Each structure stands twice: as C-alpha cells, then as structure tokens.
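J.: Counting along the sequence shown from 1, when you hit position 30 you're at 32 in this note's numbering, and nothing is skipped either side.
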Amino acid sequence: MESINNEQPYYVVLTGSKNNAGDFLIKHRAFRLFSDVRPDRKVIDLNSWEAFDEKTLSLVNNSKALILLGGPALQKNMYPGIYPLTQNLDQIQVPITMMGVGWKSLSGRWPDTRNYDLSESTLRLLSRIDKDDLPVSVRDYHTLNVLSTSGVRCGLMTGCPATYDLEYVGSSSLEQEEICRVAFSLGVAFLYSKSLKKQMESAILSTKALFPNAKFEVVFHHGTTESFLKTPSAKKEHLIGHQKFITWLQEKGVDYVDISGSAENLIEYYSQCDLHIGYRVHAHIFMNSISKPSVLVAEDGRGKALRDVFGGLVLDAFDSVGMGIVARIIRRLRIFDTFHTSENLVSELSGAIEYEINNGLPRISPSRGVIDSNFRVMKDYLKSLP
C-alpha cells in the first residue's frame, strides 16, 4: 500500500481495473482529470474489491474523501459485493462519493430505472453517500434517475471520466478523414446468446466487406490467453468462448488483436484507427474523446444509456430480452436464448456506416460539442470536492 505524507491533502479512490482495457482507461483518464483540475490533491489508488483492514481504514480516514470510481458498480449488491469497504460504514469517518459510476441493466429500458433492484445493504451505502452531501458523479442519465429514485439528491451527470482527453476538449468538431484502418470491437453477450454470436459474426463479415482496401481487425478488450485466468474473478468459460471466437476468425481470414490489461494498450491501438465499429462501450467512448468516428452496437444498458449522454451513432443489438430470475437462470445455464435480435440489424449497421461516410458524418460529428458541454459539469464536480 502506498504511504503518504499526512500533511499533503489527498483522496482515496477505489478502482476496479483487473483485465478489461476499458476499466484501465477509466482510471487513467480519471487520474489525469484529478491532476489537471485538482492539483492541490494527491490521489491514492486502492482496489475496489478488497475489504479495508486497519491500515487501509486509517489511510481512508486521514483523507479528504473516499471516492468510488467508474464502472457499472451501481447494482443490487453494490455493497458489499462490489465494494466490501467495512462491515460498519460508521467506521469510515470521511465523506463518501462516486465518480462516473453507472448502472447495470441488460435491457437498458428507461422504466427499469424507476424500479431498480437494490439490496438493503446497498441502500444503506447510498443513504450514507446522500447524508455526506457531496456531489455524486454518474456516467449517464439512466444512472442519475436510479440515484434519484433511491433517495440520493446530489447526483450530477458528468459522463464517464474516460470520455475526456484534455488535448481534445474544446477542439473543433470531428472531421472525416480517409479510412485506412478499421477496428471492430467484440462484445461479451455472445458468450450466452447464440443469436448475438451469429449477429456479431455477420456484422464482422459485412463491415469488413465495406472496406476492402483498409486494414480491418477484430479487437478483444478481455484477455485471450491462459494468463487471463490469473486475474481476479476471471471465468474459464469466458476465456474458452473468446478462444473459440478466435478460431472462427482464423477460419474466415479475419485479423484480430488483444488489447487487454492496460489503458496504454487501448490508447495506443485505437489512436491508430480511423473508424471504430462494434460492441465495446469504452472503444466508442475513447474514439469520441479523440474526435474520431465510431459506431456502437449496444448489447446492454450501458450502451443504450450512452446514446443520451453525447449522442452519436448507437444501434441496439436486440429488440427485447427476457428479464427476471427465471430468465437469468436460463442464461446462466444456457438452456435457450433469451435475446430477441433483429434480422435487420446487420444491414442497418452497414447502411448507417455508408450513409455517415457519404454525407459528412451528420450523426457522429455533433458528439464533440456535447462532450465539451458535459466536461463543464465534470469540472464543477471535481472543483466542489473537499
């Protein structure tokens, strides 16, 4: 654990990056924001999934605030499932808040925000956060409504910290350039949905065909080798599913790349791309953050909610999905597919891409201005922290 000079004011920030490149990007960009907007505060990074021991609790209680950072952490068992913290929240003697946290919903429907299932222990944590009366940063309006209906009054829709590259904030709108390199990010829902797997395969082949002269690669944000299993909470079936997909790509002659494990991998890779298409939210966020075109296919509530955050081109991967306990069990056991996908999605995706390219990116380019507007809210949030 990092030691610190007690005379230097600091925040303790709980982060959840393990293997997913997007999680590392959240931390990377958030810490850059702290450095730029709050240079008067040092930031101490701790793993969100580790409970506080006596030494950690002392470190927290000598800070200015405890900040829960990013990811879809606002879910039923947020506390103590995502954040073990301490058994007795009263042991934490400094104010608690969140930064860029999001909800976790498969369907992504707005009505789901009104009756969002949260455990009693999670509601106790939210009540404590509300009582501490600091501004609470969330990454989309759906999450903001969940907080509001759960009694948290100080929510701010700042967007995900990963959205902000300070070299691009305030820059001119996105401009279309020659497309020489295309990245197609692979989602995760195909692991438990045959229809979504088929959709992803068709989408890869159809979009690759749109760019016969460009370098085209499928991008994995999670690890694809045995070393993936060494990361916390890694599941073998997850790895097996990705490796089987790689076999399919090889059979079809489609190149792929694994960028898991760090923010630097993600930043270096996508910075070289001219266009992103696919299912990974943070690929879409990153490309928009550096004013490059991106098309997101939303496979859950994170992507669907992002449509309202800064606009852009977001298509839904499915029309409906079974919800409730029985549907979750069916998905977990892979008894049958609970997703109802549209047969038209792949052709609509290709059509949307061609339309944007042929008409000067009318839906994609306005995102830059909205991101800049959201950044002003993020700055206000950071400046108002103790």
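For every residue, glycine included, the Cβ atom is placed at its ideal position computed from N, Cα and C.
As the structure is a prediction and not an experimental result, all values here were calculated from the model.
Could you give the residue range of the beta strand (DSSP E) that holds residue 259?
T.: Position 257 of the sequence shown holds residue 259. Looking at the DSSP string, the run of the beta strand (DSSP E) that includes residue 259 is 257 to 260.
J.: From which residue to which residue does the alpha helix (DSSP H) around residue 233 run?
T.: Sequence index remark: in the sequence shown, residue 233 carries index 231 (1-based). Taken as a continuous stretch (DSSP letters only), residue 233 belongs to no alpha helix (DSSP H), as it is neither H nor E.
J.: What whole-angstrom Cβ distance do residue 187 and residue 278 have, given they're in contact under 8 Å?
T.: Indexing the sequence shown from 1 puts residue 187 at position 185. Indexing the sequence shown from 1 puts residue 278 at position 276. That belief holds up - the Cβ atoms of residue 187 and residue 278 are roughly 7 Å apart, short of 8 Å.
J.: Secondary structure at residue 280, three-state DSSP: helix, strand or coil?
T.: In the sequence shown, residue 280 corresponds to position 278, counting from 1. In the structure shown, residue 280 sits in a strand (DSSP, three-state: E or B).
J.: Please confirm whether residue 154 and residue 140 have their CB atoms less than 7 Å apart.
T.: For this step, residue 154 is matched to residue 152 along the sequence shown. For this step, residue 140 is matched to residue 138 along the sequence shown. In this structure, residue 140 does not lie closer than 7 Å to residue 154 by Cβ.
J.: Could you tell me the alpha carbon to alpha carbon distance between residue 182 and residue 295, rounded to whole angstroms?
T.: Working through the sequence shown from its first residue, we reach residue 182 at position 180. Working through the sequence shown from its first residue, we reach residue 295 at position 293. Approximately 13 Å between the Cα atoms of the pair.
J.: List the residues that DSSP assigns as beta-bridge partners of residue 49.
T.: As a working note, residue 49 is residue 47 in the sequence shown. Looking at the DSSP assignment, residue 49 forms a beta bridge with 17.
J.: Over what stretch of residues does the beta strand (DSSP E) that includes residue 34 continue unbroken?
T.: By one-based count along the sequence shown, residue 34 stands at place 32. Segment 23 to 39 is the alpha helix (DSSP H) holding residue 34; no beta strand (DSSP E) there.
J.: In this structure, how does DSSP classify residue 183 when only helix, strand and coil are distinguished?
T.: Here residue 183 corresponds to residue number 181 of the sequence shown, with the count starting at 1. Three-state result, residue 183: strand.
J.: Roughly how many whole angstroms lie between the Cα atoms of residue 390 and residue 372?
T.: Outside the displayed range of the chain (3 to 388) lies residue 390, so it cannot be described from this structure.
J.: Buried or exposed, going by whether 16 or more other CB atoms sit within 10 Å of the CB of residue 227?
T.: Here residue 227 is taken as the residue at index 225 of the sequence shown, counted from 1. That one is exposed.
J.: Taking residue 2 as the reference, give the member of 325, 32, 21 with the closest Cα.
T.: Since the first residue of the chain shown is 3 and the last is 388, residue 2 is not available in this structure.
J.: Would you mind sorting residue 282 into buried or exposed? The rule is 16 or more other CB atoms within 10 Å of its CB.
T.: Numbered from its first residue, the sequence shown carries residue 282 at position 280. Buried: at least 16 other Cβ atoms inside 10 Å.
J.: Measure the CB-CB distance between residue 96 and residue 63 and report whether it falls below 7 Å.
T.: Stepping through the sequence shown from its first residue, residue 96 is reached at position 94. Stepping through the sequence shown from its first residue, residue 63 is reached at position 61. In contact: residue 96 and residue 63 (Cβ atoms closer than 7 Å).
J.: Specify whether the segment 67 to 74 and the segment 198 to 213 touch according to this definition: at least 3 beta carbon pairs, one from each stretch, less than 8 Å apart.
T.: At 8 Å Cβ cutoff, the stretches do not touch.
J.: Indicate the three-state DSSP secondary structure (helix, strand or coil) for residue 228 in the structure shown.
T.: Working through the sequence shown from its first residue, we reach residue 228 at position 226. If DSSP states are grouped into helix, strand and coil, residue 228 belongs with the helices.
J.: Rounded to whole angstroms, what is the Cα-Cα separation between residue 306 and residue 38?
T.: As a working mapping, residue 306 is identified with position 304 in the sequence shown. As a working mapping, residue 38 is identified with position 36 in the sequence shown. Going from the Cα of residue 306 to the Cα of residue 38 covers about 30 Å.
J.: Thinking C-beta only, is residue 366 closer than 7 Å to residue 315?
T.: Locating residue 315 in the sequence shown gives position 313, counting from the first residue. Locating residue 366 in the sequence shown gives position 364, counting from the first residue. Against a cut-off of 7 Å, the Cβ pair of residue 366 and residue 315 comes out as a contact.
J.: May I ask which residues mark the beginning and end of the alpha helix (DSSP H) holding residue 131?
T.: In the sequence shown, residue 131 corresponds to position 129, counting from 1. Its alpha helix (DSSP H) spans residues 122 to 134.
J.: Starting from the Cα of residue 171, find the closest Cα among 290, 157, 238 and give me that residue.
T.: What you label residue 171 is simply residue 169 of the sequence shown in a count that begins at 1. Of 290, 157, 238, the residue nearest in Cα terms is 290.
J.: Inspect the beta-carbon positions of residue 40 and residue 384 and report whether they are closer than 7 Å.
T.: Position 38 of the sequence shown, counted from the start, is the residue given in the question as residue 40. Position 382 of the sequence shown, counted from the start, is the residue given in the question as residue 384. Closer than 7 Å, so yes.
J.: Which same chain residues end up closer than 6 Å to residue 386 when comparing Cβ atoms and leaving out the 5 residues on each side of it in sequence?
T.: On the sequence shown, position 384 is the one that residue 386 refers to. If we look at residue 386 and ignore the five residues flanking it on each side, its Cβ neighbours are 137.
J.: Checking the sheet assignment: what are the DSSP bridge partners for residue 270?
T.: Translated into positions along the sequence shown, residue 270 becomes position 268. Answer by DSSP bridge pairing: none, since residue 270 is not bridged.
J.: In whole angstroms, what is the alpha-carbon distance linking residue 311 and residue 164?
T.: In the sequence shown, counting from the first residue as 1, residue 311 sits at position 309. In the sequence shown, counting from the first residue as 1, residue 164 sits at position 162. Between residue 311 and residue 164, the C-alpha separation is close to 13 Å.
J.: Once DSSP output is grouped into helix, strand and coil, what is the label at residue 197?
T.: In the sequence shown, counting from the first residue as 1, residue 197 sits at position 195. Three-state DSSP puts residue 197 in a helix.
J.: Are three or more beta carbon pairs between the segment 8 to 20 and the segment 71 to 88 nearer than 8 Å?
T.: The segment 8 to 20 vs the segment 71 to 88: in contact.
J.: May I have the straight-line CA-CA distance separating residue 241 from residue 257, to the nearest angstrom?
T.: To locate residue 241, count along the sequence shown from 1; it is residue 239. To locate residue 257, count along the sequence shown from 1; it is residue 255. The straight-line gap from Cα to Cα measures roughly 18 Å.
J.: Just to confirm, are residue 224 and residue 21 a CB contact at a threshold of 7 Å?
T.: Looking up residue 224 in the sequence shown gives position 222. Looking up residue 21 in the sequence shown gives position 19. Contact flag set, yes.
J.: Could you spell out the range, first to last residue, of the beta strand (DSSP E) harbouring residue 157?
T.: Position 155 of the sequence shown holds residue 157. It spans 157 to 159 - the beta strand (DSSP E) in which residue 157 sits, taken as one unbroken run.
J.: For the candidate residues 143, 301, 327, 359, whose alpha-carbon lies nearest to that of residue 276?
T.: Here residue 276 is taken as the residue at index 274 of the sequence shown, counted from 1. Cα-wise, what sits closest to residue 276 is 359.
J.: Near residue 192, what residues of its chain come up, given a Cβ to Cβ distance below 6 Å and the 5 sequence neighbours on each side ignored?
T.: Taking the sequence shown and counting its residues from 1, the one referred to as residue 192 is at position 190. Around residue 192: 198, 199, 202.
J.: Who are the Cβ neighbours of residue 75 in its own chain at under 6 Å, not counting the five residues just before and after it?
T.: Your numbering for residue 75 matches position 73 in the sequence shown. So the qualifying residues of the chain are 84, 103.
J.: By Cβ distance, which residues of its chain are closer than 6 Å to residue 79, with the 5 residues on each side in sequence left out?
T.: Mapped onto the sequence shown, residue 79 falls at position 77. Within the same chain, residue 79 has close Cβ partners 121.
J.: Alpha carbon to alpha carbon, how far is residue 28 from residue 101?
T.: Numbered from 1 along the sequence shown, position 26 holds the residue referred to as residue 28. Numbered from 1 along the sequence shown, position 99 holds the residue referred to as residue 101. Roughly 10 Å between the two C-alpha positions.
J.: Which residues mark the beginning and the end of the beta strand (DSSP E) in which residue 375 is found?
T.: For the purposes of this step, residue 375 is identified with residue 373 of the sequence shown, where counting begins at 1. Element bounds for residue 375: not the beta strand (DSSP E) but the alpha helix (DSSP H), 369 to 386.
J.: Kindly list the residues whose CB is nearer than 6 Å to the CB of residue 77, restricted to its own chain and excluding five residues on each side of it in sequence; keep chain order.
T.: Locating residue 77 in the sequence shown gives position 75, where the first residue counts as 1. Closer than 6 Å at the Cβ level, and outside the excluded window around residue 77, lie 106.
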